[in-house]
Amino acid sequence: MSNYIVKKETEFDLEQTLECGQCFHFLKIADEEYVLTAYGRGLHIKQEGDELIFYNTTKKDFDLIWRHYFDLDRDYKSVKKRLLETDKELEEAIKAKWGVYILNQSFFETLISFIISQNKQIPHIKKIVWAMSEKYGDYLGEYAGVKLYAFPTPEQLRSVTEDDLKELKTGFRAAYIKDAIDKVLNLEYSNGLSNEDFMSFFSNLSNKDCLKELMKIKGVGLKVASCVSLFALGKRDSFPIDVWIKRIMIAKYFDGKETKIEDIESFAKEKYKDLGGYAQQYLFYYARDLAKTKK
DNA sequence: GACCAGGTCAGAC
DNA sequence: GTCTGACATGGT
2 MSNYIVKKET EFDLEQTLEC GQCFHFLKIA DEEYVLTAYG RGLHIKQEGD
52 ELIFYNTTKK DFDLIWRHYF DLDRDYKSVK KRLLETDKEL EEAIKAKWGV
102 YILNQSFFET LISFIISQNK QIPHIKKIVW AMSEKYGDYL GEYAGVKLYA
152 FPTPEQLRSV TEDDLKELKT GFRAAYIKDA IDKVLNLEYS NGLSNEDFMS
202 FFSNLSNKDC LKELMKIKGV GLKVASCVSL FALGKRDSFP IDVWIKRIMI
252 AKYFDGKETK IEDIESFAKE KYKDLGGYAQ QYLFYYARDL AKTKK
């Protein structure tokens with residue numbers, strides 16, 4: 002199979018998009034070169050100059066999976082322009098993290114990944130997601146010499162126990178993950194367990210109703226639900242607030258004074274409206290980098 | 001060896 | 001309704 006090459010979208014950066022904290026199932030091979038999995042497929046991809054190289058990929062697979070996964074059809078120039086028009090404060094963050102696209106990830110993987118994410122650092126989340134895939138997911142073959150495994154489907158996790166999950170070092174989250182698997186397997190509104198099934202249900206709901214539905218799962222609070230809603234369900238007005246976002250929002254807009262999550266949330270909703278998710282991601286990535294360079 | 005991490009829950013006021 | 005401590009485990 003040959004490689005499929007797309008002329009790079011001028012607003013897109015592979016490394017920033019993958020490393021910004023929205024996804025966990027990838028491995029860096031070299032600068033701007035990665036292997037990753039999504040939707041039960043593996044991918045070896047590299048950004049080189051103004052080109053994106055999809056190794057051993059057909060045009061059909063690109064059109065079917067990756068074009069959508071990387072959100073390549075969206076006009077990020079106008080997203081950023083509109084954000085800057087409403088809020089000059091975002092200028093530094095957007096300038097630093099200009100190449101971030103919000104991926105369209107699959108529902109189940111995103112749900113479980115962000116349940117795992119609570120009170121954990123990103124490197125450890127990645128390890129657990131990787132281990133869970135290796136143990137329960139389909140083997141996809143070698144990509145750039147790396148053995149890749151798909152994130153398991155709900156079916157593949159059907160009979161997994163809490164103890165099994167604890168072996169993956171999920172700690173107190175094991176019970177939460179178990180509940181998420183059970184609830185997803187028994188979704189009364191879904192016709193099946195494919196990503197399309199989940200999407201067709203959630204796409205008819207407002208972000209608010211999505212959050213309400215997701216928070217029925219034990220261990221899924223407002224933050225995790227907001228991440229699933231933003232990163233998998235296409236609700237780009239979702240504004241997840243974690244410790245980093247809370248910190249930078251308080252510093253930028255609340256005069257450094259301790260502020261409740263709900264107040265930050267309504268402030269963001271008012272300010273960013275339908276673009277909350279983008280603003281959040283630029284801010285999150287920027288805030289973390291800032292903290293790193295200070296040390 | 002503290003202290004913190006893309007939080008959430010249950011129990012105490 | 002709001003506040004607080006507990007929760008497993010690994011990074012820094």
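According to the working numbering, the residues represented by the first sequence are 2 to 296, in order. Every residue, glycine too, gets a C-beta built ideally from N, C-alpha and C. Computed from a predicted structure; not experimentally measured.
Is the distance from the Cβ of Glu33 to the Cβ of Gln23 below 8 Å? no
Within 10 Å of its beta-carbon, does Arg174 have 16 or more other beta-carbons around it, so buried, or fewer, so exposed? buried
Within 10 angstroms of the Cβ of Tyr124, are there 16 or more other Cβ atoms? Answer buried if so, exposed if not. Looking at the sequence itself, residue 124 is Pro, so the reference to Tyr does not match. Pro124 should be labelled exposed.
Taking just the CA atoms, how far does Pro155 sit from Leu188? Spanning the two alpha carbons is a distance of roughly 11 Å.
For the region 69–85 against the region 3–16, do three or more pairs of beta-carbon atoms, one drawn from each stretch, fall closer than 8 Å, so that the two count as touching? yes
Could you check where the alpha helix (DSSP H) with Lys236 kicks off and where it finishes? From DSSP, Lys236 is part of no alpha helix (DSSP H); its letter is neither H nor E.
So the candidates are Glu20, Lys270, Lys167 and Lys29; which of them puts its Cα closest to the Cα of Ala145? If we check each option's Cα against that of Ala145, Lys29 comes out closest.
Reference Arg237, options Asp275, Val225 and Lys253, closest by Cα: Asp275
Pull the bridge partners of Phe71 from the DSSP assignment, please. Phe71 is not bridged to any residue.
What three-state label does DSSP hand Ala31 in the structure shown? strand
Consult DSSP for Phe63 and reduce its assignment to one of helix, strand or coil. If DSSP states are grouped into helix, strand and coil, Phe63 belongs with the helices.
From Phe255 to Ile66, what does the alpha carbon distance come to, in whole angstroms? 41 Å
Inspect the CB distances between the region 266–282 and the region 84–92 and report whether three or more fall short of 8 Å. By the Cβ rule, the region 266–282 counts as touching the region 84–92, because three or more pairs are nearer than 8 Å.
What do you get for Tyr77, buried or exposed, if any count of 16 or more other CB atoms within 10 angstroms of its CB means buried? buried
In the DSSP output, which residue or residues are listed as bridge partners for Arg55? Looking at the sequence itself, residue 55 is Phe, so the reference to Arg does not match. Looking at the DSSP assignment, Phe55 forms a beta bridge with Tyr5 and Ile46.
Residues in its own chain within less than 6 Å of Asp14 by CB, not counting five upstream and five downstream? Gly100
Glu1, DSSP secondary structure in three states: As shown, the chain starts at 2 and ends at 296. That puts residue 1 outside it, with no answer to give.
Could you give the distance in angstroms between the alpha-carbon of Val244 and the alpha-carbon of Ser3? 44 Å
In whole angstroms, give me the CA-to-CA distance for Cys21 and Lys98. 9 Å
Ala280, DSSP secondary structure in three states: helix
What span of residues does the alpha helix (DSSP H) with His26 cover, start to end? Taken as a continuous stretch (DSSP letters only), His26 belongs to no alpha helix (DSSP H), as it is neither H nor E.
Can you have a look at Gln106 and say buried or exposed, based on whether 16 or more other CB atoms are within 10 angstroms of its CB? Buried is the call here.
Burial state of Glu197, where buried means 16 or more other Cβ atoms lie within 10 Å: The Cβ neighbour count for Glu197, taken over all protein chains shown within 10 Å, is under 16; the residue is labelled exposed.
Near Phe203, what residues of its chain come up, given a Cβ to Cβ distance below 6 Å and the 5 sequence neighbours on each side ignored? Cys211 and Leu234
For the alpha helix (DSSP H) containing Thr111, list its first residue and its last residue. Phe108 to Ile117
Please report how far the alpha carbon of Ser134 lies from the alpha carbon of His69, in whole angstroms. 22 Å
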